[in-house]
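*Asks:* This structure is in structure tokens; I'll ask about it shortly.
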Amino acid sequence: LVFMQFDRSADGTMTPLPKPSVDTGAGLERIASVLQGETDNFHTDLFRPLIAEVERLVGASYPGGPQGTGISYRVLADHARAVTFLLLDGVYPSNEGRGFVLRRILRRAVRHAWLLGRREPTLVELVPTVVSLMRDAYPDLVERAEDIARWVRREEESFLQTIDAGLARLEEIRASGAREISGDEAFLLYDTFGFPIDLTVLITGEWGIRVDVEGFEAALEAQRERSRAARVAGGGSITPTGSVSLGASGHSTFVGYDRTDAETEVLTHGSAGDIDVLVLRESPFYATSGGQVADTGVVEGDGWRFVVTDVQKDPEHGQRLLGTLTGELVPGTVRASVDVERRRDIQRNHSATHLVHLALRRMLGEHVRQQGSLVEPGRLRFDFSHHGPIDPAQLAEIEAAVNELVLANAATEIREMAYPDALALGAMAFFADKYGDTVRVVTIGNSIELCGGTHVGSAGEVGLFRFSGQSGVAAGVRRIEAVTGRGAYGAVRDVEARIAALAGALRAQPDQLERKLEGLLAEHARLESRLAEALRSGAGGGTREIEAGSLRLFVQPTVAEDRGTLGELADRFRAEQREHAVLALVNPTVPTAISVAVTDDLIARGRDANALMQELTRRHGGRGGGRKTFASGSLGEDAAAVAGEHLGPLLQEWAAG
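The numbering used here puts the first residue of the sequence shown at 1298, with every later residue one more than the last.
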């Protein structure tokens, strides 16, 4: 217990609190246990409905007790709440940070459901119960319930597939007759397949196979040591200038938010191979950070010129400029100038990421949260949490919504304030561990975000926004790419040029293209139908009938190449020729191609089409295969000659056998 009575100020003065209090550290669950007369949190009305739902799902009563399967019931009940609220708070499964914690919780729940005999998504079935229990205190749960359930189901299904892959490997080990799984093999299952060691022990134990758990732990610890060593060796970003010692010569101050050139002085310089390095006292150049690429430009002094190609943050000097020095650097005042047009293009794209983020949340839902971005002069890339692809119609609506925000031309307002004040203002912050006590808040209309990048003065400066693509980068993470300003105008002109070229090729006006294409597609379908009918009717030459002992061989030329049409010809032959018959289909345009079909009486005698194809390829080279009724292949010789001269004698051997 903590008895709180005074407020101690910085000078040590003790001021009595208006309301003295006692901090029990009990939490809601323990208080509920006391009020409800229970000795176990899981017997309270906060958890009992969840335990009951687990009982229903597994078809067995909760055994209670600290050991045995009761643990799995409690894990499922507890993790269902944790997962639901993490997703409500905007944390999504990933392989790093908070998203990785969520993924670990979800997967632990799946493992315990597996231990209770469940082989299908289980946690998702508990989400409605969590919502029902907490909806009064957290009304947002009701609105987000469907989305939360979708995320949980997706993650559970993904991990169950992982378990299936691991099971397949375990079955291989079992089939080999092994009586023990080595620590390295168990670690391979864990590291490659994501198969939990406890499940490995459980499943193989039922088969009487021992697992070297100590060896597994040793392999796991060795991997952890390798990871720690890699992190230490990395120590941050590795650059060609990482070994340049510039000395403790002062700190560079970034002044590029307000201007793109500055009269300043060089604090220090150095080089690494072909790359020169400068540190300025005041620098208008933005260093690569927050997804925004660095500025480029020039620094000019008395008789020398430095072309800036990259700018990197430097913990000792603030930032360092990378580039090429021409002439001999001498002390004195220098002029540093950013490539203004390039900076403007970058600013358009950066401000557009804020607008597209706002539009995505409005159109797709509040679950959309930034997962990463890249802002370059020629394009922008934005990664965000979402459960599936955006259909083209919806993507067009989002693009239109962004352009409406651009046309509204809201002024960009940038302020610095305390982090809690920014959150109270409604600023979106998705990387809490990266923010200090004072943050920079960028407001463009209704978009309010914490951001350290450079931006346009108002939304209208973005000019035009146009999507250029979308893709998936991870489970539950989508990526959109887009262009703005001159890039967007160029994209529109490119589309117009393509339309004009297409219209010229089709001899139609651009506004008539759709009708013209519909007509061409209809004609194409009609001709395809006629061609297929011609192929089915045997077009391509006359069919030869050859006596082969008690069998009849039909050699039919055809220009059909697709397996579907060839199969139709074989089916028609088998319907017409009920017994003692073999069909060989040869193609004059593909001389080595051959397909064969046989009647059912031959199949009954073990003389099927696949066996015939194997014998043909054995004697004449090539490869092929298929079903008992129909097989296709490619020979090492002319197929028509083989069918006409050699297939008959082969069938006579068959008939005699």
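C-beta: ideal position from N, C-alpha, C; glycine also.
Since we're looking at a predicted model, the values are computed, not measured.
Could you tell me the distance, in whole angstroms, from the CA atom of Leu1438 to the CA atom of Thr1321?
*Replies:* 29 Å
*Asks:* Only counting runs of 3 or more residues, tell me where the beta strand (DSSP E) segments fall wholly within the stretch 1817-1863, in order along the chain.
*Replies:* 1841-1845 and 1848-1854
*Asks:* Let me make sure I understand the geometry here. Which of Thr1735, Ile1711, Asn1706 and Leu1704 has the alpha-carbon closest to that of Pro1717?
*Replies:* Thr1735
*Asks:* Going by DSSP in three states, Asn1646 sits in which element: helix, strand or coil?
*Replies:* Note: Asn1646 maps to helix in three-state DSSP.
*Asks:* Helix, strand or coil: how does DSSP classify Asp1555 here?
*Replies:* coil
*Asks:* Measure the alpha-carbon distance for Arg1507 versus Gly1361 and round it to whole angstroms.
*Replies:* 29 Å
*Asks:* Please report the residue range of the beta strand (DSSP E) in which Ala1768 lies.
*Replies:* A small correction: the amino acid at residue 1768 is Ser; Ala does not occupy that position in the sequence shown. It spans Phe1762 to Ala1771 - the beta strand (DSSP E) in which Ser1768 sits, taken as one unbroken run.
*Asks:* Determine the burial state of Pro1807: buried for a count of at least 16 other Cβ atoms within 10 Å of its Cβ, exposed for fewer.
*Replies:* exposed
*Asks:* On a CA-only basis, which of Pro1628, Gly1624 and Leu1575 is nearest Thr1606? Give me that one, please.
*Replies:* Leu1575
*Asks:* For a minimum of 3 consecutive residues, which ranges assigned as the beta strand (DSSP E) are wholly contained in the stretch 1382-1418?
*Replies:* none
*Asks:* Taking the CB atoms as reference points, tell me whether Ala1708 and Ser1755 lie closer together than 8 Å.
*Replies:* yes
*Asks:* If we require 3 or more residues per run, which beta strand (DSSP E) segments fall completely within the stretch 1904-1942?
*Replies:* 1919-1923 and 1927-1932
*Asks:* Out of curiosity, what's the CA-to-CA distance linking Glu1453 and Phe1397?
*Replies:* 14 Å
*Asks:* Excluding the five sequence neighbours on either side, which residues of its own chain have a C-beta within less than 8 Å of the C-beta of Leu1948, listed in chain order?
*Replies:* Ala1845, Gly1846, Leu1848, Leu1850 and Val1879
*Asks:* How many whole angstroms separate the CB atoms of Leu1619 and His1566, which I take to be in contact at a CB cut-off of 8 Å?
*Replies:* Rounded to whole angstroms, the Cβ separation of Leu1619 and His1566 is 11 Å, and the two are not in contact under 8 Å.
*Asks:* Determine the closest residue to Glu1482 out of Gly1766, Thr1497 and Leu1347, with distance taken between C-alpha atoms.
*Replies:* Thr1497
*Asks:* Short check: CB of Gln1589 to CB of His1647, under 8 Å?
*Replies:* yes
*Asks:* Ile1745 by DSSP, collapsed to three states: which one?
*Replies:* strand
*Asks:* Do the CB positions of Ala1329 and Thr1341 come within less than 8 Å of each other?
*Replies:* yes
*Asks:* Looking only at its chain, what residues have a beta carbon closer than 7 Å to the beta carbon of Glu1694, apart from the 5 residues adjacent to it on each side?
*Replies:* Met1660
*Asks:* Does Asn1907 pass the burial test, meaning 16 or more other C-beta atoms within 10 Å, or should it be called exposed?
*Replies:* buried
*Asks:* Flag this pair as touching only if the stretch 1780-1795 and the stretch 1809-1821 have three or more C-beta atom pairs under 8 Å; answer yes or no.
*Replies:* no
*Asks:* Taking DSSP as the reference, what is the three-state secondary structure of Thr1735?
*Replies:* strand
*Asks:* Tell me the start and end of each unbroken alpha helix (DSSP H) in the stretch 1613-1693 that is at least 4 residues and wholly inside, in chain order.
*Replies:* 1637-1661
*Asks:* Looking only at C-alpha atoms, which of Ala1802, Gly1760, Val1753 and Val1895 sits nearest to Gly1787?
*Replies:* Gly1760
*Asks:* Kindly identify the DSSP beta-bridge partner or partners of Asn1884.
*Replies:* Val1887
*Asks:* Give the DSSP bridge partners of Ile1695, in chain order.
*Replies:* Ile1695 is not bridged to any residue.
*Asks:* Short of 7 Å in beta carbon distance, which residues of its chain neighbour Asp1509, apart from the five on each side in sequence? Order them along the chain.
*Replies:* Excluding residues up to 5 positions away in sequence, Glu1477, Ile1478, Ser1479, Gly1480 and Ala1483 lie with their Cβ nearer than 7 Å to the Cβ of Asp1509 in the same chain.
*Asks:* Could you give the residue range of the alpha helix (DSSP H) that holds Val1427?
*Replies:* Leu1420 to Met1431
*Asks:* If Leu1828 sits next to Gln1767, beta carbons under 8 Å apart, how far is it from one beta carbon to the other, in whole angstroms?
*Replies:* About 37 Å; that fails the 8 Å criterion.
*Asks:* Leaving out five residues on either side along the sequence, give the residues of the same chain with a beta carbon under 6 Å from the beta carbon of Pro1493.
*Replies:* Same-chain partners within the cutoff: Arg1408.
*Asks:* Grouping DSSP H, G and I as helix and E and B as strand, with all else coil, what is His1566?
*Replies:* strand
*Asks:* With DSSP as the reference, label Arg1479 as helix, strand or coil.
*Replies:* The residue you asked about is not Arg; residue 1479 is Ser in the sequence shown. It is coil, neither helix nor strand.
*Asks:* With a cut-off of 8 Å on the beta carbons, I'd call Leu1423 and Leu1347 a contact; round off their distance for me.
*Replies:* 6 Å
*Asks:* Under a three-way DSSP split, which group does Ser1369 fall into?
*Replies:* helix
*Asks:* If you follow the alpha helix (DSSP H) that Glu1454 is in, where does it begin and where does it stop?
*Replies:* Asp1437 to Ala1472
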